[in-house]
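Engineer: Just so you know, we're using this note's numbering here: the sequence shown kicks off at 3 and counts up by one. Sharing a structure here in structure tokens format.
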Amino acid sequence: MTMGSNVSLTALSENVGSAIVGLGWSSPTGEGDADVSVLLLDGHGKVRSDADFYFYNNPVAADGSVQLLGKEPTGDGSEDRISFDLTAVPAEVERIVVAASRYEGARFGELDDLKVTLADAVGESLLRFVIEDAGEVSAIIFGELYRRGEEWKFRAVGQGYESGLAGLATDFGVDIEDDEADPGTVDAEEPATALVPDAQPRTTLEAVPAPRPPTDEDAAPKKRTARPRTAKKKVTPPRAPVKSLAENESWKQARLFPVSALKSDRDREMRSTSVLLSVMAQVPRFGRRITAPFGAPSGRMETFTEVSLPHGDTPRRPDGVIRVERAGKLWTALVETKTNGNPLKSDQVQAYMDIAARRGYEAVITLSNDVALEGSPLVDVKIDRRRKHQVGLWHLSWAEVAHQAQMLIRHEGVGNAARTWLLQDLLHYLQHDNSGCHGFQNMGAAWVPVRNGINDETLCQGDPRALEVVESWERLIRQVCLRLGGELGQKVLPAQRTRRGTDPGARRARLADQLCTEGRLQAELRVEGAPGLLSVSADLRTAKLRTSVEIPAPEQGYPLTWAKRLIRRLAEAPADLHVETLVEGQTGGPRGTLERLRPEPADLLPRDGARITGFRLSLFKGMGHGRGNAESGFIRSVDDAVHRFYTSVVAHLDPPASGRTAAKERATA
């Protein structure tokens, strides 16, 4: 599409009752980002109330018409996805504006590949609009959905606002609070929504002037910037566990979902499917979280197991069926599960696709321990795409299911104690050794031959086994992100230093050749709030894992002050942490272990007075040899290394300096 053009959604697809809009961009530095927002407008072009403004602190409409799904990993960063149930949009809403904004002086002109995409309920891409030159604006309307009679249309807008989110929001009638309060705090008399579980989300914006030392430019009037209230959700720490009434440790608590009687893979599949689907139906927020990315509407959900459906001479029995009813219409998905590392079977999946198409169902969902690769809707299952019709084919890993349960239990909440208890029992079941629902757990048959080939230097570029190992490594990293994100309650995504649109297969082939020549597997993780990308490197020649992070040098102050402050911040870090000074124009600067540097931080300063650009912090650890997830396995060693590095090092570092924090640092420099 081109700027200003419009198109009818019904002319593009018959499945436009629900739509998924994706907003994407890439950053040359790998660290730029923006926040999406949605505004529902009436016939006068204004919001009916501030509740019609949706952003990260108000991500879901009570009627299910709007849901911000968060970021999905892409080739070079991430894409924000928004789900719309157009059948649930109130009749008085005539337009839906989809926008994004940046903060602290950042501009969209600093980002590349700005685009908006729209897909229908089954995931079929319908349109794409690219914004060629964003310029010096800090907020952009990417596009809008609007009514024309009985149908919905989409218009490519691309309108920018130099005044940022404040100007955009004011144009559409959102009230702006103008006070001097720190946006990172919450007034004692007026708690934020996160502190009151049943309260309506707070959608008011705050205009906050950042304090800074006076300059010659102060005579010129300054525009105030606006941003949503950014107070972090308050999570009450768990109370100390109540003393058990058991006589000794051999007594085990009774569980709603027992695992002791599971004897075969079929038992595991049947029980795991029933356990998951029953909790999805009984905990609506969890069920919605699982099904929304697949185009399911928000509504009454019922789930079923072992349903018999006709298919030729032999009826088929999918492991489960999900049905969601809204406004008299049904959305149906067939579910096929595998546990204990068993692979999905192409003929089964194809049969379910044919049944779903014939019966007018919307989706087939596969669920297994495997993790889908980027750019692939599911794991290695071959189906006849010519017979796909309008049925969506989606894949879930058990690790993703556990992640969503963990996020709701520990960080977001589900509304009452009974539902929380159900989710806790589900999570306990999924994490039990006997359930078989453990996520990605095997590096594959190529792992040992590739390691041996690297050690004896017989592995050649183009060897397909190297590509298999790279794909397994990517699956592992995606799972590590899920687990760490669940622990932190923050977004953790794989970071790819490639341009958006780069073919994932070509990127993996390049990494496979790099593995053959250098003997290393490498990845980067983007952790929300971290001062830099968290890097993971597995050197198969030395059998060492390296986790590291690079933090930039402060813009003001003295190098010795930087070094002393860094060492103080690392007071609880492991003594064997390696600290290296990054020097402009040089491949390496002064370095040493934290144990040696604690009494002498000045040893981090270059003797020739060269300019310091930052510091690199690294931990080294031996990596497991086995291909699986045992205590001595490679998968377990990577997961443990990333968790240890974040909790013992990264968590103690200052977040990226910006806004008010940066201003304070400049004032005291």
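Note that CB positions come from ideal geometry on N, CA and C, so glycine has one too.
Considering only C-alpha positions, which residue in the set G137, F156 and E106 is nearest to L128?
Structural biologist: Of G137, F156 and E106, the residue nearest in Cα terms is F156.
Engineer: Excluding five sequence neighbours on each side, which residues of the same chain lie with their C-beta closer than 6 Å to the C-beta of R104?
Structural biologist: Excluding positions up to five away in sequence, the list reads A36 and S140.
Engineer: Since R510 contacts E473 with CB under 8 Å, what's their CB separation in whole angstroms?
Structural biologist: With a Cβ gap of about 6 Å, R510 and E473 count as contacting.
Engineer: What does DSSP give as the partner residues of N8 in its beta bridges?
Structural biologist: N8 is bridged to R157.
Engineer: Based on Cα-Cα distance, which residue from F55, V62 and S85 lies nearest to G19?
Structural biologist: Comparing Cα-Cα distances from G19 to each of F55, V62 and S85, the minimum goes to S85.
Engineer: How would you write the range of the alpha helix (DSSP H) that S274 sits in, first residue to last?
Structural biologist: D267 to Q284 is the span of the alpha helix (DSSP H), which, as asked, contains S274.
Engineer: Evaluate the contact criterion for the segment 106-113 versus the segment 49-63: three or more CB pairs, one atom per stretch, below 8 Å.
Structural biologist: Not touching, per the Cβ criterion.
Engineer: Is the separation between the beta-carbon of L579 and that of L606 shorter than 9 Å?
Structural biologist: No.
Engineer: Whose C-alpha, out of A298, M303 and A294, is nearest the C-alpha of A283?
Structural biologist: Comparing Cα-Cα distances from A283 to each of A298, M303 and A294, the minimum goes to M303.
Engineer: Count the other C-beta atoms from every protein chain shown that fall within 10 angstroms of the C-beta of C462, then say buried if there are 16 or more, exposed otherwise.
Structural biologist: Looking at its Cβ environment, which holds fewer than 16 other Cβ atoms inside 10 Å, C462 is exposed.
Engineer: Quick check on the burial criterion: 16 or more other C-beta atoms within 10 angstroms. Buried or exposed for W564?
Structural biologist: W564 is buried by the Cβ-count criterion.
Engineer: Given L279, which residues of its chain have a CB within under 6 Å of its CB, disregarding the five upstream and five downstream residues?
Structural biologist: Excluding positions up to five away in sequence, the list reads T305 and G322.
Engineer: Taking 9 Å as the threshold (beta carbon to beta carbon), is V91 in contact with chain D?
Structural biologist: Considering every chain present, this structure includes no chain D. It has just one protein chain.
Engineer: Do A448 and V471 come within 9 Å of each other at the CB atom, strictly closer than that value?
Structural biologist: Contact: yes.
Engineer: On a Cα-Cα basis, can you pick out the residue from N342, V585 and R318 that is closest to S266?
Structural biologist: Nearest option by C-alpha distance: N342.
Engineer: Measure the beta-carbon distance from L527 to L536 and round it to whole angstroms, keeping in mind my assumption that it falls under 8 Å.
Structural biologist: The pair is a contact, with the Cβ atoms about 4 Å apart (cut-off 8 Å).
Engineer: Buried or exposed for E338, going by 16 or more other Cβ atoms inside 10 Å?
Structural biologist: With 16 or more Cβ atoms within 10 Å of its Cβ, E338 is classed as buried.
Engineer: Between which two residues does the beta strand (DSSP E) carrying H580 extend?
Structural biologist: That run of the beta strand (DSSP E) goes H580 to V585.
Engineer: Assuming L311 and I357 are in contact, meaning their beta carbons sit under 8 Å apart, how far apart are those beta carbons, in whole angstroms?
Structural biologist: Confirmed, about 5 Å.
Engineer: Could you give the distance in angstroms between the alpha-carbon of V9 and the alpha-carbon of Q408?
Structural biologist: Each residue's alpha carbon lies about 40 Å from the other.
Engineer: Only counting the same chain, and skipping five residues up and downstream in sequence, which positions put a Cβ closer than 6 Å to that of A525?
Structural biologist: For A525, where only same-chain residues beyond five positions count, the Cβ hits under 6 Å are I479 and V538.
Engineer: Entirely within the segment 326-386 and at least 4 residues each: give me those alpha helix (DSSP H) ranges in chain order.
Structural biologist: Runs found: 348-361.
Engineer: Looking only at DSSP bridge pairs, what is P554 linked to?
Structural biologist: P554 pairs with G616.
Engineer: Within the same chain, show all residues whose beta-carbon is closer than 6 Å to that of G438, passing over the 5 residues directly before and after it, in chain order.
Structural biologist: Answer for G438: R270, T341 and N342, listed in chain order.
Engineer: Can you check whether the CB of G531 is closer than 9 Å to the CB of I553?
Structural biologist: In this structure, G531 does not lie closer than 9 Å to I553 by Cβ.
Engineer: Taking the beta strand (DSSP E) that Y148 belongs to, which residues open and close that run?
Structural biologist: Looking at the DSSP string, the run of the beta strand (DSSP E) that includes Y148 is A141 to R150.
Engineer: Is the separation between the beta-carbon of P624 and that of K546 shorter than 9 Å?
Structural biologist: Checking the sequence, you will find Gly at residue 624 rather than Pro. Their beta carbons are under 9 Å apart, which means G624 touches K546 by this criterion.
Engineer: Is Y648 helix, strand or coil when you go by DSSP?
Structural biologist: In the structure shown, Y648 sits in a helix (DSSP, three-state: H, G or I).
Engineer: Give the secondary structure of Q408 by DSSP, where H, G and I count as helix, E and B as strand, and everything else as coil.
Structural biologist: Q408 falls in the helix class under three-state DSSP.
Engineer: From F636 to A573, what does the alpha carbon distance come to, in whole angstroms?
Structural biologist: Distance between the alpha carbons of F636 and A573: 30 Å.
Engineer: So what does DSSP say about Q481, is it helix, strand or coil?
Structural biologist: Q481: helix per DSSP, three-state reduction.
Engineer: Would you say the segment 282-300 touches the segment 249-265, given that touching needs at least three Cβ pairs under 8 Å?
Structural biologist: They do not touch, by the three-pair rule.
Engineer: Check H440 in the structure and name its three-state DSSP category.
Structural biologist: If DSSP states are grouped into helix, strand and coil, H440 belongs with coil.
Engineer: Please work out which residues of its chain come closer than 7 Å, Cβ to Cβ, to S67, disregarding the five sequence neighbours upstream and downstream, and give them in chain order.
Structural biologist: Correct list, in chain order: F86, D87, A90 and V91.
Engineer: How is the alpha helix (DSSP H) around T519 delimited, first residue to last?
Structural biologist: P506 to E520 is the span of the alpha helix (DSSP H), which, as asked, contains T519.
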